[in-house]
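**Student:** The numbering of the sequence shown is the numbering used here, which starts it at 462 and goes up by one. Here it is: the structure, laid out below.
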Amino acid sequence: MQKRNTFFPIIFISKTIQIVHKWTCWVVFLFPVLTFAQSKIVDDTTKQLYSAKTSPYVTERDLLFNKIISYPADTSLDNFHLYNFVEQTQYRFTDLGMIGTAIRPVFPALPATIGTRLGMESFDPYHFSP
């Protein structure tokens, strides 16, 4: 007849309690250390390092004439709404919806010559005349 080990469940439970106790001790002792390490908030990402005052520019003309003059960047939004040629001409022209695309007048004038044209005059308003 075999002898049954009646103490096996007690030993197993005892080992389980030891393991749980060991991990509980680690958590109890390390948790305050981990929270202390994260309590310092460094505020280095919210500082504005560069601005219009810290980033001056120099013109090419000043470099050619050996002038050491730096100018602050212009931050005003004066006439910013007139950046598009269509808006500059008070919507007398229409384009394809993007800046620099083909443009035509809303009220077209009759051409001077009769016949087929290539359509290259659609970019004429963008040409600068000195």
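For glycine and all other residues, C-beta sits at the position ideal for the given N, C-alpha and C. Note that this is a predicted model, so its numbers are computed, not measured.
Do residue 557 and residue 549 count as a contact pair if the criterion is CB distance below 8 angstroms?
**Tutor:** Counting from one through the sequence shown, the residue named residue 549 turns up at place 88. Counting from one through the sequence shown, the residue named residue 557 turns up at place 96. Contact: no.
**Student:** In the DSSP output, what is residue 555 paired with across the bridge?
**Tutor:** The residue given as residue 555 occupies position 94 in the sequence shown. In the DSSP output, where bridge partners are listed per residue, residue 555 has 565.
**Student:** Closer than 8 angstroms by C-beta to residue 511: which residues in its own chain qualify, once you throw out the five before and the five after it? Chain order, please.
**Tutor:** Mapped onto the sequence shown, residue 511 falls at position 50. Excluding residues within five positions, none has a Cβ falling inside 8 angstroms.
**Student:** When you compare only the Cα positions, how much space is there between residue 578 and residue 586?
**Tutor:** Position 117 of the sequence shown holds residue 578. Position 125 of the sequence shown holds residue 586. Roughly 17 angstroms separates the two Cα atoms.
**Student:** Assuming residue 524 is part of the alpha helix (DSSP H), what are its boundary residues?
**Tutor:** Stepping through the sequence shown from its first residue, residue 524 is reached at position 63. Note, residue 524: alpha helix (DSSP H), 521-525.
**Student:** Tell me the DSSP secondary structure of residue 587 in three-state form.
**Tutor:** Within the sequence shown, numbered from 1, the residue matching residue 587 stands at position 126. Looking at residue 587 - three-state DSSP - the assignment turns out to be helix.
**Student:** Using only alpha-carbon positions, find the residue among 538, 535 and 519 that is nearest to residue 528.
**Tutor:** Within the sequence shown, residue 528 is the residue found at index 67, counting from 1. Of 538, 535 and 519, the residue nearest in Cα terms is 519.
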